[in-house]
Amino acid sequence: MAVLVIAEHDNKTIKPSTLNTVTAAVQLGSDVTVMVIGSGCAEAGQQAAKIAGVGKVLVADAPQLGDQLAENVAAQILAVAKNYTHVLAPATANGKNVMPRVAAKLDVAQISDIVSVESEDTFKRPIYAGNAIATVQSADPIKIITVRTTAFDGAAAEGGSAAVEKAEAVADSGKSAFVTREVAKSERPELTAAKIIVSGGRGLGSAENFKAVLEPLADKLGAAMGASRAAVDAGYAPNDWQVGQTGKIVAPQLYVAVGISGAIQHLAGMKDSKVIAAINKDEEAPIFGVADYGVVADLFAAVPEMVKELG
C-alpha cells in the first residue's frame, strides 16, 4: 500500500498531530510518504524526513500555499493523490477543512476520525458522540481518511532518514484570499498536546473565577487550560479552550474536571484521558461515571486546598 500523510505544520515545525497520523499510516503499509505543503517550509520538510517510518517526503513550497487555504491545499493533494491508495490527515481543524474537499473531487467517501486500523480497507470510528464504535469498510480505489490523533501514539520524531523531494506547486485557485490571523498567545502547553489539562465548567460562575480559582491549579501542575461548552457559551473562557465533540478532542495523562457536570458532548472529547479526576458538588453528576477519582465538594473550597497541598 502506498500511503500519503498530509503534514500539519507552521512552515517551520512539524506538529505532534502529524506523528500520530504517521503511526496510523504505518499500520496500512511500509510505503509511507509525508507531504509538507506551505511557504518557506523547507525546515519542516527536513523535520518530516526524520520521522521514524517515513520513506519519502514531498515538499510543495510556494507563496500561495503559505496560508493553508483549503482550495489551494486540496488542489496540491489532488495533484499527487492518484499515486497513492490512502491519503491521511489529522482530524484537526485543518484536516477537517481540506480532506472533505479532496474526497468530493475524487468522488469517494471520506472515512472520518478513525481510531483503529483493522486492515487496508476496514477501520473503526466513533459515532453517537463516542458512545458506539462503527466498523466501516471502503471499496474506493483511493481512501481519504482523517485520523483521531488521540487514538494513536505518536511516531518517533527522530530516527528516520527519508529522501526529500520537491513537488511542483499548483497555481493559486483565486477562489479565496487570506485576510488576517489572530493567534492566542499562551505560555501554557497546547491543549491537544498537553499531558495535563485542568478544565472548568459552568459551576465556576464567571471568567474571573476561571482566573482566580483554576489558573493557580494549572500553574502548579504545568497544565493546559480547558473548558466545557457551557462555560465557553457563557463567556467564562475563550472558544479555543473548548473540550468536547464540538471543541477539541483530548487524551492527556491527567484530566482535572472542575465544576463540569459531564454532558455527553463534553465526555466525547475527554473520556479517553488516562486518568480523570472530577470535582463537583452534585454527587449525581454524569462526570463521576467516567472519573477515576471523584471529589463531591464545593470547588471554591476544594481547589484552593489542592493548590495549598501542592505547595
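Residue numbers (our numbering): 1 to 311.
We treat Cβ as the ideally placed atom computed from N, Cα and C, and that holds for glycine.
Just so we're clear, the structure is a prediction, and the values are computed from it rather than from any experiment.
L204 - partner residues in DSSP beta bridges: Looking at the DSSP assignment, L204 forms no beta bridge with any residue, so it has no partner.
With three or more C-beta pairs closer than 8 Å as the rule, is the region 215-225 touching the region 178-193? yes
Tell whether a beta-carbon distance below 8 Å holds between P126 and V108. no
If you check the beta carbons only, do K220 and L310 fall under 8 Å apart? yes
Between which two residues does the beta strand (DSSP E) harbouring I145 extend? K143 to V147
Given a cut-off of 8 Å on the beta-carbon distance, is the pair N280 and G160 in contact? no
Start-to-end residues for the beta strand (DSSP E) that takes in Q27: First-last for Q27: undefined, no H or E at that position.
For L254, list the residues DSSP reports as bridge partners. I196 and V275
Could you pull the DSSP bridge partners for I114 from this structure? V147
DSSP on G294, reduced to helix/strand/coil? strand
DSSP three-state call for K211: helix, strand or coil? In the three-state reduction of the DSSP assignment, K211 falls in the helix class, which pools H, G and I.
Does the region 37-51 come close enough to the region 134-148 that 3 or more CB-CB pairs lie under 8 Å? no
Please report the residue range of the beta strand (DSSP E) in which G95 lies. Premise fails: G95 lies in the alpha helix (DSSP H), A93 to L106, not in any beta strand (DSSP E).
Can you tell me the Cα-Cα spacing of Y293 and L106, whole angstroms? 47 Å
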